[in-house]
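K.L.:
Following this message is one structure expressed as structure tokens.
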Amino acid sequence: MPHTKKITVTLETLVSLAKRRGFVFQASEIYGGLAGFWDYGPYGVELVNNIKQLWWRAMVYEQPEIYGLDSAIVQNPKLWKASGHIDSFTDPLVDCKSCGARHRADHLAGLDTSDLKELALLLKDKPCPKCGKKTLTEPRFYNMMMKTWVGPVEDESSVAYLRPETAGSIFTNYDNVRETTRSKIPFGIAQIGKAFRNEISPRDFIFRVRELEQMEMQYFISPDMQKQQYERWREFCWDFLTERVGLAKDNLKWHEHGPDERAHYAAAAHDVYFNFPQGFKELWGTHNRTDFDLKNHIRESGKDLSYFDEATKERYVPNIIESSVGVGRMMMAVLTDAYNEEEVNGETRVVLKIDVKLAPVKVAILPLSKKPELSKLSREVYTKLVQSTNYNIEYDETQSIGKRYRRQDEIGTPYCVTIDFESLEDNAVTVRERDSMKQQRVKIDKLAEYIKI
RNA sequence: GCGGGAUUUGUAUAGUGGUAAUAUGCCAGCCUUCCAAGCUAGAGCCGCCGGUUCGAUUCCGGCAUCCCGCACCA
Numbered sequence: 000m001p002h003t004k005k006i007t008v009t010l011e012t013l014v015s016l017a018k019r020r021g022f023v024f025q026a027s028e029i030y031g032g033l034a035g036f037w038d039y040g041p042y043g044v045e046l047v048n049n050i051k052q053l054w055w056r057a058m059v060y061e062q063p064e065i066y067g068l069d070s071a072i073v074q075n076p077k078l079w080k081a082s083g084h085i086d087s088f089t090d091p092l093v094d095c096k097s098c099g100a101r102h103r104a105d106h107l108a109g110l111d112t113s114d115l116k117e118l119a120l121l122l123k124d125k126p127c128p129k130c131g132k133k134t135l136t137e138p139r140f141y142n143m144m145m146k147t148w149v150g151p152v153e154d155e156s157s158v159a160y161l162r163p164e165t166a167g168s169i170f171t172n173y174d175n176v177r178e179t180t181r182s183k184i185p186f187g188i189a190q191i192g193k194a195f196r197n198e199i200s201p202r203d204f205i206f207r208v209r210e211l212e213q214m215e216m217q218y219f220i221s222p223d224m225q226k227q228q229y230e231r232w233r234e235f236c237w238d239f240l241t242e243r244v245g246l247a248k249d250n251l252k253w254h255e256h257g258p259d260e261r262a263h264y265a266a267a268a269h270d271v272y273f274n275f276p277q278g279f280k281e282l283w284g285t286h287n288r289t290d291f292d293l294k295n296h297i298r299e300s301g302k303d304l305s306y307f308d309e310a311t312k313e314r315y316v317p318n319i320i321e322s323s324v325g326v327g328r329m330m331m332a333v334l335t336d337a338y339n340e341e342e343v344n345g346e347t348r349v350v351l352k353i354d355v356k357l358a359p360v361k362v363a364i365l366p367l368s369k370k371p372e373l374s375k376l377s378r379e380v381y382t383k384l385v386q387s388t389n390y391n392i393e394y395d396e397t398q399s400i401g402k403r404y405r406r407q408d409e410i411g412t413p414y415c416v417t418i419d420f421e422s423l424e425d426n427a428v429t430v431r432e433r434d435s436m437k438q439q440r441v442k443i444d445k446l447a448e449y450i451k452i
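Numbering that gives the first Met the number 0 puts the first sequence at residues 0 to 452.
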């Protein structure tokens with residue numbers, strides 16, 4: 000048995016592995032990169048797809064009252080007006096360098112303008128209202144939303160935004176989905192998709208980025224279900240992370256948002272924190288958004304989104320419990336959790352102990368030698384397995400068998416199938432398991448059946 | 001956004017005012033019938049833009065990116 004070393008994976012180790020093995024590359028690397036943007040390589044995209052598939056299965060396929068959605072990244076800007084994303088971020092602000100307080104520049108200047116130059120002039124030598132020191136920064140706009148223009152003309156009326164979260168378009172589609180699925184409350188809408196935020200400083204590899212992918216589910220409930228459903232979705236999150244993804248419980252902990260910490264929409268918020276290389280940080284949030292979102296959309300759009308309960312003959316605006324997790328963060332958590340170094344024959348073996356369902360490559364077909372007769376049979380085994388399964392399989396005949404095992408270990412391939420000279424006689428192959436390194440002789444005919452994914 | 005550090009081949013590092021090396025990885029051949037073996041051969045690197053200089057990967061400036069601390073994270 001391999002001997003597991005006690006190691007704490009550093010961010011450097013993770014970044015280096017991710018690059019070396021083709022999980023994550025810097026976006027536009029040959030041009031010096033772009034802060035906050037990353038590309039997923041051949042194994043990265045497999046892992047990401049598997050994560051999304053696992054989540055979609057647990058969330059949409061296994062919950063009869065939850066439906067999928069894939070909405071546009073660019074929406075009518077009124078949506079972001081209603082959600083509060085535009086208002087909170089179109090005001091000029093100043094920071095105090097001494098006490099860190101942030102103030103509305105136009106309020107401090109006593110003038111209703113958004114002309115930065117004018118404000119800068121007026122605020123020159125103004126003291127901070129909080130600490131009294133004259134250490135205010137120049138006024139600036141802090142809009143985290145990425146801006147674009149719709150149509151060929153770039154003017155005020157054509158301004159639009161890349162969505163800063165996927166939730167918004169779930170709310171605006173609430174009635175469409177309810178109607179077309181003939182749903183009664185409670186029911187949910189799930190979506191996986193990209194969102195964009197102009198983070199001030201992207202950090203920690205793929206943890207804080209400007210282009211991110213979210214897996215979100217918004218659950219529509221009556222006001223009296225808040226407590227019960229909030230608990231239900233917290234439990235779902237914990238079970239998914241520990242049971243489905245297989246993250247170590249030691250690496251997970253709950254964090255409850257205090258009143259100052261909560262987003263503008265949330266009445267209660269619990270995050271699951273994961274023990275990333277840079278420390279325990281937010282991975283998955285469960286928030287009670289109350290009726291905040293639909294009420295705002297009712298007000299802004301003028302459309303009645305209230306719900307009439309046939310059973311109780313009551314009408315109300317649905318409340319919402321949100322379950323939201325980042326795909327990139329999940330990937331980073333999976334890699335961190337799975338990373339192991341072991342001592343084998345005096346050498347270090349790097350092995351990713353990823354759950355079989357998430358592994359980028361499920362099976363590697365490895366002829367013991369490059370001899371034509373072995374290559375031929377190995378190709379046949381490969382083709383046969385590819386045709387009878389629907390998972391990712393790799394073929395590799397370069398270098399020694401030991402080296403190929405190590406390569407597969409490093410990307411977390413759970414099964415290596417070796418074809419040797421005896422296979423030519425007995426139509427059987429050796430299946431080597433990643434974690435235990437144990438080997439089992441299996442008939443080629445029974446291979447697909449033997450490998451349980 | 002502020003302060004600090006870093007940037008040399010796929011990765012990890014050494015080094016130099018006269019354009020570079022080690023390990024590993026990769027690749028080819030031989031050998032090898034199960035855990036990074038060996039031998040031989042090969043490809044591959046000074047982040048970008050300026051300045052100083054006869055000459056810059058090296059010195060200087062700017063930028064970019066990454067990492068660390070703070071702030072930010074609605």
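Glycine included, C-beta positions come from ideal geometry on N, C-alpha and C.
Just so you know, these numbers come straight off a predicted model, no measurement behind them.
Near Leu367, what residues of its chain come up, given a Cβ to Cβ distance below 8 angstroms and the 5 sequence neighbours on each side ignored?
P.N.:
Excluding sequence neighbours, Leu367 sits near Leu373, Ile400, Thr417, Ile418, Asp419 and Phe420.
K.L.:
With three or more C-beta pairs closer than 8 angstroms as the rule, is the stretch 204 to 215 touching the stretch 297 to 314?
P.N.:
Taking 8 angstroms as the limit for Cβ pairs, the verdict is that the stretch 204 to 215 does not touch the stretch 297 to 314.
K.L.:
Just confirm the distance between the C-beta atoms of Leu46 and Pro276, as a whole number of angstroms; I'd bet it's less than 8 angstroms.
P.N.:
With 8 angstroms as the limit, Leu46 and Pro276 do not qualify as a contact, their Cβ atoms being about 17 angstroms apart.
K.L.:
Using the Cα positions of Tyr218 and Lys77, report the straight-line distance between them to the nearest angstrom.
P.N.:
Answer to the nearest angstrom: the Cα atoms are 23 angstroms apart.
K.L.:
Would you check if the distance between the CB atom of Val362 and the CB atom of Ile450 is smaller than 8 angstroms?
P.N.:
Yes, the pair counts as a contact, with Cβ atoms nearer than the cut-off.
K.L.:
Within this structure, are the beta carbons of Leu357 and Leu53 separated by less than 8 angstroms?
P.N.:
Yes, they are a contact pair.
K.L.:
Let me confirm a value: Thr9 is counted as buried when at least 16 other C-beta atoms fall within 10 Å, else exposed. Which label applies?
P.N.:
Under this definition Thr9 is an exposed residue.
K.L.:
Have a look at Ile188 and Ser182 and give me their C-alpha separation to the nearest angstrom.
P.N.:
Ile188 and Ser182: Cα-Cα distance of roughly 11 angstroms.
K.L.:
Can you grab the Cα-Cα spacing for the pair Lys146 / Arg328, in whole Å?
P.N.:
Each residue's alpha carbon lies about 24 angstroms from the other.
K.L.:
Roughly how many angstroms lie between the CA atoms of Gly245 and Lys383, to the nearest whole one?
P.N.:
Cα to Cα, Gly245 sits roughly 30 angstroms from Lys383.
K.L.:
What is the C-beta distance between Asn391 and Pro359, in whole angstroms, given that I count them as a contact (C-beta under 8 angstroms)?
P.N.:
Going by Cβ atoms, the distance from Asn391 to Pro359 rounds to 7 angstroms, so yes, they are a contact pair.
K.L.:
Suppose you measure from the CA of Trp79 to the CA of Gly167; what does that come to, to the nearest Å?
P.N.:
Each residue's alpha carbon lies about 8 angstroms from the other.
K.L.:
Any idea if Ile410 is buried or exposed, counting beta-carbon neighbours within 10 angstroms, 16 or more meaning buried?
P.N.:
The residue is buried, with at least 16 neighbouring Cβ atoms inside 10 Å.
K.L.:
Among Asp69, Tyr404 and Ala159, which one has its Cα closest to the Cα of Val176?
P.N.:
Among Asp69, Tyr404 and Ala159, the Cα nearest to that of Val176 is on Asp69.
K.L.:
Between which two residues does the alpha helix (DSSP H) harbouring Asp408 extend?
P.N.:
Start and end: Ile400 to Ile410.
K.L.:
How far does the beta strand (DSSP E) with Lys280 in it reach, from first residue to last?
P.N.:
Per DSSP, Lys280 belongs to the beta strand (DSSP E) from Gly278 to Thr289.
K.L.:
Where does Ala26 sit, in a helix, a strand or coil, going by DSSP?
P.N.:
Coil, per DSSP.
K.L.:
What residue range is occupied by the uninterrupted alpha helix (DSSP H) comprising Arg209?
P.N.:
Arg209 -> no alpha helix (DSSP H), and no H or E assigned at all.
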